[in-house]
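Q: FYI, in the numbering used here the residues of the sequence shown are 175 to 395. Yeah, the Cβ is synthetic: ideal placement off N, Cα and C, and Gly gets one too. My questions will all concern the structure given below.
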Amino acid sequence: MLKKVLSYLIPINIHTVKSDLSKSIEITWANGELVLDSENTNYSYGSLQRILRLGLKTIGFHKIIKMDHILVLGVAGGSVVKTLVDEIKFGGRITGVEIDPEIIKLANRYFKLDEIQQLEIVIDDAFEFVLKTRDKYDLIIIDIFQDTTMPNFLYESYFINRICFLLKSKGFVLFNTMLLNQQHNLRNKKYISDFCTTNYSIKSIPRIEIHNELIVIEKTI
């Protein structure tokens, strides 16, 4: 595993693919582990896995392991799924929604995502999926990026209200956001202040890995 050893000195790209939806998707050895990156940011494993693991830890591994059904909006390479299954030992259902089939092909090839029996992958737009699904979820993980850009619909009231509707009693939302400028900071502050707080508690975990802020929402009834 010479490439793995050398990756502690410099990242080593082993596969690059372009798709209709992504400019570039790269599989790279970095610091001794395989990661999936877009052109300008980490999509799965590496720093992203550390970020989402912290969010899950904030919710509480002991709570997550008792859940029945988790929804992941934005699967990419599936690092958060691996954390749920391999580290937390979550045994319930996981539904993963990913818009780009090319990313799922790479996730299956390099990260064996298709070997996780409790995982159902749906190739769909996250916005369309949440409108159609009839299931309710104990935890909804939102990790949707187009390279370094977050789609506007994530902050629209209709989407937010629909996410709240899909949460079971005492359920959680873990929302990974990226803050690159002051406008993004203000956007997140407004999101938190405007949130339907009557039956929900909401808090942020700011400035993780420099540019990420996690928002954790709990349905209190």
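1. Buried or exposed: which applies to Asn350, given that a residue is buried once 16 or more other Cβ atoms fall within 10 Å of its Cβ?
2. Let's see if you can read the secondary structure: which residues bound the beta strand (DSSP E) around Asp368?
3. In terms of residues, what are the limits of the alpha helix (DSSP H) holding Asn254?
4. Counting C-beta neighbours from all protein chains within 10 Å, is the total for Leu176 16 or more, i.e. buried, or is it exposed?
5. Report, in whole angstroms, the separation of the C-beta atoms of Asp312 and Gly345, which I expect to be a contact under 8 Å.
6. Between which two residues does the beta strand (DSSP E) carrying Ile188 extend?
7. Would you call the stretch 291–306 and the stretch 219–230 touching, i.e. three or more CB-CB distances under 8 Å?
8. With distance defined between alpha-carbon atoms, name the residue in Glu392, Ser193, Ile188 and Arg361 nearest to Ile273.
9. Could you name the residues of the same chain whose beta carbon sits closer than 7 Å to that of His385, not counting the 5 residues immediately before and after it, in chain order?
10. List in chain order: all unbroken beta strand (DSSP E) runs of 3+ residues lying wholly within the stretch 293–327.
11. What are the partner residues of Tyr401, as DSSP defines its beta bridges?
12. Can you look up Glu261 in the DSSP assignment and give me helix, strand or coil?
13. Can you check DSSP and say which residues form a bridge with His243?
A: In this structure, then:
1. By one-based count along the sequence shown, residue 350 stands at place 176. Counting other Cβ atoms within 10 Å of its Cβ, Asn350 reaches 16 or more and is therefore classed as buried.
2. Along the sequence shown, read from residue 1 onward, the residue named residue 368 stands at position 194. In this chain, Asp368 is not harboured by any beta strand (DSSP E); it is covered by the alpha helix (DSSP H) spanning Gln356 to Asp368.
3. To locate residue 254, count along the sequence shown from 1; it is residue 80. According to the sequence shown, residue 254 is Val rather than Asn. Element bounds for Val254: Ser253 to Lys256.
4. Reading the sequence shown from its first residue, position 2 is the one you call residue 176. Its Cβ having fewer than 16 others within 10 Å, Leu176 is exposed.
5. Taking the sequence shown and counting its residues from 1, the one referred to as residue 312 is at position 138. Taking the sequence shown and counting its residues from 1, the one referred to as residue 345 is at position 171. That pair is a contact at about 5 Å.
6. Indexing the sequence shown from 1 puts residue 188 at position 14. Segment Ile186 to Val191, the beta strand (DSSP E) holding Ile188.
7. No, the stretch 291–306 is not in contact with the stretch 219–230.
8. Here residue 273 is taken as the residue at index 99 of the sequence shown, counted from 1. Put simply, of Glu392, Ser193, Ile188 and Arg361 the residue whose alpha carbon is nearest the alpha carbon of Ile273 is Ser193.
9. As a first step, residue 385 must be located in the sequence shown, where it is residue number 211. Exclusion of the five residues before and after His385 leaves Met352, Leu353 and Leu354 as the residues of its chain whose Cβ lies within less than 7 Å of its Cβ.
10. Every beta strand (DSSP E) stretch that sits fully inside the stretch 293–327 and reaches 3 residues is listed by chain position as 293–297 and 311–316.
11. Any answer about residue 401 is impossible in this case: the structure gives the chain only from 175 up to 395.
12. For this step, residue 261 is matched to residue 87 along the sequence shown. Reduced to three states, the DSSP call for Glu261 is helix.
13. If you number the sequence shown from 1, residue 243 lands on position 69. Partner(s): Arg267.
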